[in-house]
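Peer 1: The structure's right below; bear with me while I get my questions together.
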Amino acid sequence: MAEDKKKVETAKSVCEQCGLIHETPISHEKEKSEDIKIAALSITGICLLILIWIWVFRWGVPLVKQLSSR
């Protein structure tokens with residue numbers, strides 16, 4: 063007997079009232095929204111790193127050279 067069971071992903075959380083850990087099923091829409099949120103945060107972080115890199119080499123390095131030559 064090969065039983066095909068769907069693997070339901072659950073989120074574990076600690077109950078504020080009783081202090082026990084409860085598992086609640088996660089819907090697929092919620093999973094997709096969390097994946098999109100994680101991807102957006104990753105892209106935002108990479109863009110911020112690029113902007114910092116550009117700022118340092120565009121204005122930071124010349125500023126340090128100018129201040130050290132005085």
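Numbering (our numbering), first residue to last: 63 to 132.
Here a beta-carbon is modelled for each residue, glycine too, at the ideal position from N, C-alpha and C.
Keep in mind that this is a model prediction, so the values were computed, not measured.
1) For Ser75 and Leu82, what's the separation of their Cα atoms in angstroms?
2) Kindly list the residues whose CB is nearer than 8 Å to the CB of Glu33, restricted to its own chain and excluding five residues on each side of it in sequence; keep chain order.
3) What residues in its chain sit with their C-beta under 7 Å from that of His84, if we drop five residues either side in the sequence?
4) Please state the DSSP three-state secondary structure of Ala64.
5) Starting from the N-terminal side, write out each stretch of the beta strand (DSSP E) that is 3 residues or longer and does not extend beyond the segment 65 to 100.
Peer 2: Put simply:
1) 8 Å
2) Lying outside 63 to 132, the shown extent of the chain, residue 33 is not represented and no answer is given.
3) Ser75, Cys77
4) For Ala64, the pLDDT reaches just 45, beneath the cut-off of 50, and the residue's location in the model is therefore unreliable, although a value from the coordinates is still provided. Under the three-state reduction of DSSP, Ala64 is assigned to coil, being neither helix nor strand.
5) 72 to 76, 83 to 87
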